[in-house]
Amino acid sequence: MDRYAVVGHPIAHSLSPDIHRAFAKQTGERLHYDKLLAPKNGFAAAAAAFFQSGGKGLNVTMPFKGDACRWVDSTHPAAAECGAVNTIALDKGRTHGFNTDGFGLIRDLQAQGVAISGRRLLVIGAGGAVSGILDALTGAGAAAIHIANRTPGKATALAEQHGGKFGASSLGDIRGTFDIILNGASAGLQGEGGLIAAELARGAVCYDLLYSRDGRTPFCQWAKRAGAAWVCDGLGMLVEQAAAAFAIWRGQQPETRSVLRALRANRRD
Ligand code: ATR
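Using this note's numbering, the first residue of the sequence shown is number 1, and each one after it goes up by one.
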């Protein structure tokens with residue numbers, strides 16, 4: 001049976017095996033999908049061992065997306081552009097790297113009726129998760145994108161990488177108003193406080209790239225308290241990026257919304 005896995009550190013919490021098993025069942029594909037824990041500096045060795053032992057494809061999660069981009073034999077242009085690979089496929093003995101995160105985000109927003117086109121976007125964070133979605137947001141027609149980060153220099157660097165067409169600032173110095181706020185900061189939103197002024201979220205659409213089964217991530221809870229018009233975590237994005245990976249590997253496009261509903265209900269269909 002063809003073998004796939006998600007590699008990360010940590011990896012125990014990953015929902016990817018549940019998602020891919022559900023896709024396999026739905027499409028009648030026979031495959032095996034595991035979690036693979038690699039040491040923090042051990043991505044290359046773990047990936048090489050996986051493919052040498054007959055593995056067909058890997059999903060890559062934190063903190064290895066940059067390592068994966070450097071490791072693969074070739075990269076799809078969208079992955080090369082953001083320097084991050086979340087899906088590796090083996091073809092005729094060569095490894096190919098893709099990034100399906102941006103596509104997954106746009107698909108989930110579309111499915112939920114959130115339009116990006118013509119909207120002013122605030123993106124919090126300037127790490128791997130954010131660099132993976134910026135091109136997709138531009139492609140979807142965002143009118144303006146402002147990147148705010150704890151370390152403002154990283155926001156500026158990311159904006160410059162994209163031809164200087166985005167705004168950049170620290171978290172405490174965000175000017176303007178925004179229709180949609182996307183959180184890509186990996187921590188720091190615990191408890192009562194938010195990373196940015198609550199006025200920014202009032203009346204806005206707020207979407208967390210992080211997820212939890214019940215959708216109550218710290219950012220989502222903060223945004224609700226701040227008076228956001230609509231709040232959602234990134235579980236739908238996770239399912240959509242997985243569906244795009246599944247299509248690359250198996251040539252079949254699975255239906256996603258039933259899988260998302262089952263995850264929310266903590267069911268294994
Ligand atoms: P990822 O691949 O998930 O994006 P990352 O590249 O380590 O992970 O980026 C993490 C992001 O979360 C960064 O934007 C980071 O801000 P810095 O660039 O200043 O490090 C942000 N982040 C992490 N912890 C944070 C905290 N406690 N407060 C604010 N931002 C935080």
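Beta carbons are placed, not taken as given, at the ideal position from N, Cα and C, and that holds for glycine.
Remember, predicted model here, so these are calculated numbers, not experimental data.
Proximity to residue i [Cα-Cα], best of the options
i	options	result
Ile32	Lys56, Gln52, Ala12 and Phe43	Inspection of the sequence shows that residue 32 is occupied by His rather than by Ile. Among Lys56, Gln52, Ala12 and Phe43, the Cα nearest to that of His32 is on Lys56.
Arg3	Arg250, Lys165, Met62 and Arg261	Arg250
Ala129	His146, Cys82 and Arg30	Cys82
Phe166	Tyr207, Gly172, Ile174 and Thr156	Thr156
Ala204	Ala245, Ala229 and Ile147	Ala229
Ile145	Phe178, Gly153, Val114 and Asp173	Phe178
Glu199	Ile174, Lys65 and Leu209	Ile174
Ala187	His162, Arg150, Lys154 and Ala223	Arg150
Phe43	Arg94, Trp71, Leu171 and Met1	Trp71
Ala48	Gln161, Ala78 and Gly93	Gly93
Met62	Gly118, Gly127, Pro77 and Gly113	Gly127
Residue i in three-state terms, based on DSSP
i	result
Arg94	strand
Asp67	helix
Arg257	helix
Gly333	The shown model of the chain, from 1 to 269, leaves out residue 333, and the question about it has no answer.
Ala89	strand
Thr217	coil
Ser16	helix
Val72	coil
Gly236	helix
Ser117	coil
Residue i - partner residues in DSSP beta bridges
i	result
Gly8	Leu37
Ile124	Ala148 and Asn183
Arg3	His32
Trp230	Val205
Asn59	Val6 and Thr87
Gly167	His146
Assumed close pair residue i, residue j - CB separation to whole angstroms, cut-off 8 Å
i	j	result
Ile116	Leu122	Actually they are not in contact, since the Cβ atoms of Ile116 and Leu122 sit about 13 Å apart, beyond 8 Å.
Ile88	Leu58	4 Å
Arg202	Asn266	At roughly 32 Å, the Cβ-Cβ gap does not stay under 8 Å, so Arg202 and Asn266 are not in contact.
Leu182	Leu209	7 Å
Val6	Lys35	6 Å
Ala111	Arg257	7 Å
Ala84	Gly104	No, Ala84 and Gly104 are not in contact; Cβ-Cβ is about 13 Å, not under 8 Å.
Ile19	Leu37	About 18 Å separates the two Cβ atoms, so there is no contact after all.
Gly97	Thr75	4 Å
Thr95	Phe51	7 Å
Ile196	Leu171	5 Å
(request) For the ligand ATR, enumerate in chain order all residues having a CB closer than 7 Å to any of its heavy atoms. (result) Going along the chain, the residues that qualify are Met62, Pro63, Lys65, Gly125, Ala126, Gly127, Gly128, Ala129, Val130, Asn149, Arg150, Thr151, Lys154, Leu171, Gly184, Ala185, Ser186, Ala187, Gly188 and Leu195.
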